[in-house]
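Working notes, beginning with the structure itself.
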Amino acid sequence: MAGKTLFDKVWDAHVVQEIEGGPSVLYIDKHLIHEVTSPQAFAGIDARGMKVFRPQNTVATPDHNVPTIDQHVTIHDELSRFQVNKLTQNCENHGIELYGLNHPYQGIVHVIGPELGITQPGMTIVCGDSHTSTHGAFGSVAFGIGTSEVEMVLTTQCILQPKPKKMRINVEGELAKGVTAKDIILYIISQISTSGGTGYFIEYAGSAIRSLSMEGRMTICNMSIESGARGGLITPDATTYEYIRGREFAPKGEAFEKAVQQWESLKTDEDAVFDRELTFAASDIQPMITYGTNPGMGTKISGNIPAESDIEASGQKSFKKSLAYMGFEPGVPLEGMPVDFVFVGSCTNGRIEDLRAFSAFVKGKKKADNITAWIVPGSKQVEKQAIEEGLDKVLEAAGFELRQPGCSACLAMNDDKIPEGKLAVSTSNRNFEGRQGPGARTMLASPLTAAAVAVTGKVTDPSGLIQ
Amino acid sequence: MVIEKFTTVRSTAVPLPIENVDTDQIIPARFLKATTREGFGDNLFRDWRYDKAGNPKEDFILNQDRYSGSILVAGKNFGSGSSREHAAWAISDYGFRVVVSSFFADIFKNNSLNNGLLPVQVSEAFLQTIFDMVEADPGTELEVNLEQQQISIAGTDHAETFEINPYKKECMLNGYTDIDFLISIKDKIEAFEQSRT
Ligand code: SF4
Chain L
996 MAGKTLFDKV WDAHVVQEIE GGPSVLYIDK HLIHEVTSPQ AFAGIDARGM KVFRPQNTVA
1056 TPDHNVPTID QHVTIHDELS RFQVNKLTQN CENHGIELYG LNHPYQGIVH VIGPELGITQ
1116 PGMTIVCGDS HTSTHGAFGS VAFGIGTSEV EMVLTTQCIL QPKPKKMRIN VEGELAKGVT
1176 AKDIILYIIS QISTSGGTGY FIEYAGSAIR SLSMEGRMTI CNMSIESGAR GGLITPDATT
1236 YEYIRGREFA PKGEAFEKAV QQWESLKTDE DAVFDRELTF AASDIQPMIT YGTNPGMGTK
1296 ISGNIPAESD IEASGQKSFK KSLAYMGFEP GVPLEGMPVD FVFVGSCTNG RIEDLRAFSA
1356 FVKGKKKADN ITAWIVPGSK QVEKQAIEEG LDKVLEAAGF ELRQPGCSAC LAMNDDKIPE
1416 GKLAVSTSNR NFEGRQGPGA RTMLASPLTA AAVAVTGKVT DPSGLIQ
Chain A
838 MVIEKFTTVR STAVPLPIEN VDTDQIIPAR FLKATTREGF GDNLFRDWRY DKAGNPKEDF
898 ILNQDRYSGS ILVAGKNFGS GSSREHAAWA ISDYGFRVVV SSFFADIFKN NSLNNGLLPV
958 QVSEAFLQTI FDMVEADPGT ELEVNLEQQQ ISIAGTDHAE TFEINPYKKE CMLNGYTDID
1018 FLISIKDKIE AFEQSRT
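Sequences listed follow chains L and A, in order. Using the working numbering, the letters of the first sequence correspond one by one to residues 996 to 1462. Using the working numbering, the letters of the second sequence correspond one by one to residues 838 to 1034.
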């Protein structure tokens, strides 16, 4: 019998029951909830007159809908405030731990799980948010679910899921200067398209992946969903254990050593078989940016927008619609395009390492006059750390300010909306039409690229500008 | 939540021949502030359907009287993007019972099935035939038979079978939900928890 993949090992250990010709009943270790996709689930459980089955396995925080200015005062938008209050009420009624506004642990669900040590190797983790795939960076099986499924987990700690197929993507070799985790994942999606991963769970492997920090690995796994994959994961190793060690909810002392021993077994067997396997050379990857309205429409910054003749016949209509929305011409160079907004934040690139990269680049430089920049930490903890490290001062001196934590302009549910027609370079994960506000135009890139754009005022490849 | 049983739907169709329709187009994030499941149909495809002032855009398909019915037919890779179930709620709430495409995003497919909205995956060629015939004659009816897992263009030989997980098919035919099932096996879940400690 062929060996097992990392994914098989974690998945199989959580199957309560297989249904004939149907999905598996999968047990969930950790459930993260937020204000937007949970109210209808609580309404469902209340309507049945039931209680949350294992409240200690769920953690809640408001993030999608919260203001990033004067957050500690009040939420002015009535509907947003109602939704956030509803989360508080529901958590109180059902005995769920809530990190509400002003709590030192509040932040974007996918940022706080790892930084608090809630996320650990070998776990199954779900959340009513597709970027739950982020937690796969620790060798856990983590994926986004819909609200009906949130209700299932609240009610029974399980969901019904068909087992996905398995893909391995290897990135081998050394990364060039200025090339970051974000560039790797934008490159991968540009190669396999936004549906190339549909039906699969992706294991990322290879020397370039292993060389990444946990933050970088999270950025990669985070965007798995943008290829259509339910999730992605990476074998835990010394980098993983060192990241987890000492964090609030991580095992301590002897228990930690024991846990590490167990985590050591979480790797794909030599003879395991994948349904699909791809290998990319790290040396082929350059700083990337998107030019269209889905994350698969990315290319190297130093290159051109594809010409119409580069696009397959079946994709022509979408390609033209997309460029028409962006106001771009096919075949033209990207570098030098004037930009209006820079957004640094989100569960993709709103962690401390991202703020460090951005700050290090802008240190001693000045924000370009034509740029409005929103720098949004992913969590209270990130905000605190940034201030402790003096990054807020560095940013201020260069003409930037640090806002308060939340999803912010990643999905523009709060007031942080890019105005109609404006062009933003964003470190988030989706460049869909109107994603960052009605009529807003988004180009996705790394925090380093965002920094280069913020000081030059135009699309810029950062690699030539770093020491 | 009560799910309506699904047997056969025969209806005219609304064609949306666009690929990669993502969940932000189906229901933009700013309309996700509700705490109930109802009313999302009003904002289905909001930014394609209405201009800034809230006036209907005439060229968008939902604003054209020629097209109506309970079947939405869309281009490849429908429902990509976020896990928001609000997308499935908006489509159902608007009055659709079936979405036909040549490829669906995973989470969207699950969300639809959990809400009694049937995703029917057809071949690229069949999808094109539907688009052509519906556009030539908006009165063209499609028939979707879940029991036989078949979709056909009424009054023609054009038909195709479609896949659906047998468990999910039972749920749709009987109006059962996954939650009912999971609650019924709670003792097994507790036994599983015991076995892990
Ligand atoms: S930052 Fe963006 S992608 Fe991440 S959880 Fe928030 S809305 Fe979703």
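For each residue, glycine too, the CB sits at the ideal point set by N, CA and C.
Taking the C-alpha atoms as reference points, what is the distance between residue i and residue j?
i: Arg1163 (chain L); j: Asp896 (chain A); result: 43 Å
i: Glu978 (chain A); j: Val1061 (chain L); result: 46 Å
i: Cys1405 (chain L); j: Ser1354 (chain L); result: 20 Å
i: Ala1132 (chain L); j: Leu853 (chain A); result: 37 Å
i: Thr1056 (chain L); j: Thr1063 (chain L); result: 15 Å
i: Ser1374 (chain L); j: Ile1107 (chain L); result: 7 Å
i: Ser1190 (chain L); j: Gly1223 (chain L); result: 5 Å
i: Lys1081 (chain L); j: Gly932 (chain A); result: 28 Å
i: Tyr1286 (chain L); j: Lys1177 (chain L); result: 15 Å
i: Pro1433 (chain L); j: Val1255 (chain L); result: 47 Å
i: Phe1269 (chain L); j: Lys1262 (chain L); result: 14 Å
i: Ile1183 (chain L); j: Arg1425 (chain L); result: 15 Å
i: Ala1440 (chain L); j: Glu1307 (chain L); result: 25 Å
i: His1029 (chain L); j: Gln1084 (chain L); result: 12 Å
i: Thr1234 (chain L); j: Cys1122 (chain L); result: 25 Å
i: Asn857 (chain A); j: Ser1185 (chain L); result: 14 Å
i: His1071 (chain L); j: Arg1430 (chain L); result: 22 Å
i: Lys1478 (chain L); j: Phe1395 (chain L); result: Past the edges of chain L, shown from 996 to 1462, lies residue 1478 (chain L), and the structure says nothing about it.
i: Pro1352 (chain L); j: Pro1457 (chain L); result: The question names Pro, but residue 1352 (chain L) is Ala in the sequence shown. Roughly 12 Å separates the two Cα atoms.
i: Ile1022 (chain A); j: Gly1227 (chain L); result: 30 Å
According to DSSP, simplified to helix, strand and coil, what is residue i?
i: Gln862 (chain A); result: helix
i: Ser907 (chain A); result: coil
i: Lys1361 (chain L); result: coil
i: Thr1127 (chain L); result: helix
i: Val1454 (chain L); result: coil
i: Tyr1236 (chain L); result: helix
i: Gln901 (chain A); result: coil
i: His1098 (chain L); result: coil
i: Arg1043 (chain L); result: coil
i: Cys1402 (chain L); result: coil
i: Lys1316 (chain L); result: helix
i: Tyr1013 (chain A); result: coil
Against chain L, does residue i count as a neighbour if the rule is that its beta carbon must be under 8 Å from one of theirs?
i: Ile1016 (chain A); result: yes
i: Ala942 (chain A); result: yes
i: Pro893 (chain A); result: no
i: Ala866 (chain A); result: yes
i: Gln985 (chain A); result: no
i: Phe933 (chain A); result: no
i: Asp859 (chain A); result: yes
Grab the span of the beta strand (DSSP E) containing residue i for me, first residue to last.
i: Phe1138 (chain L); result: 1136-1139
i: Arg847 (chain A); result: 845-853
i: Gln1012 (chain L); result: 1010-1013
i: Gln987 (chain A); result: 987-990
Is residue i a contact residue of ligand 3, with contact defined as CB to any heavy atom under 7 Å?
i: Leu1406 (chain L); result: Absent from the structure shown: ligand 3. Ligands present: ligand 1.
Against chain A, with Cβ distances strictly below 8 Å, would residue i count as a contact?
i: Arg1430 (chain L); result: yes
i: Gly1141 (chain L); result: yes
i: Lys1081 (chain L); result: yes
i: Thr950 (chain L); result: Outside the shown range of chain L, which is 996 to 1462, sits residue 950 (chain L), and nothing can be said about it.
i: Glu1303 (chain L); result: no
i: Asn1052 (chain L); result: no
i: Thr1455 (chain L); result: no
i: Ala1407 (chain L); result: yes
i: Ile1280 (chain L); result: no
i: Asp1007 (chain L); result: no
i: Phe1336 (chain L); result: no
i: Tyr1022 (chain L); result: yes
Against residue i, what residues of chain A qualify as contacts under a CB-to-CB distance less than 7 Å, listed in chain order?
i: Pro1157 (chain L); result: Asn1002
i: Glu1272 (chain L); result: Per Cβ cutoff of 7 Å: no residues; Glu1272 (chain L) is ~20 Å from chain A at best.
Give the interface partners of residue i over in chain L, defined as CB-CB distance under 8 Å, in chain order.
i: Glu856 (chain A); result: Ser1309, Gly1310, Lys1312, Ser1313
The alpha helix (DSSP H) that contains residue i, what's its start and end?
i: Gln1409 (chain L); result: The amino acid at residue 1409 (chain L) is misidentified as Gln; the sequence shows Asn. Per DSSP, Asn1409 (chain L) belongs to no alpha helix (DSSP H) and is neither H nor E.
In chain A, which residues lie less than 8 Å from residue i when you measure between Cβ atoms?
i: Gln1035 (chain L); result: Thr872, Thr873, Arg874, Glu922
i: Arg1398 (chain L); result: The contacting residues do not exist; Arg1398 (chain L) stays about 18 Å from chain A at best.
i: Met1147 (chain L); result: Asp1015, Ile1016, Leu1019
i: Ser1125 (chain L); result: Gly918, Ser919, Ser920, Ile944
Name the chain L residues whose beta carbon is nearer than 9 Å to that of residue i?
i: Asn948 (chain A); result: Ile1140, Gly1141, Thr1142, Ser1143, Glu1144
i: Asp884 (chain A); result: Glu1428, Gly1429, Pro1433, Gly1434
i: Leu869 (chain A); result: Val1031, Thr1032, His1059, Asn1060, Gln1078, Leu1406, Met1408
i: Ile1026 (chain A); result: Val1011, Gln1012, Val1020, Tyr1022, Phe1048, Thr1151, Gln1152, Cys1153
List the residues of chain L that residue i touches, going by C-beta distances under 7 Å, in chain order.
i: Leu909 (chain A); result: Under the 7 Å cutoff, chain L gives no residues; its nearest Cβ is about 18 Å from Leu909 (chain A).
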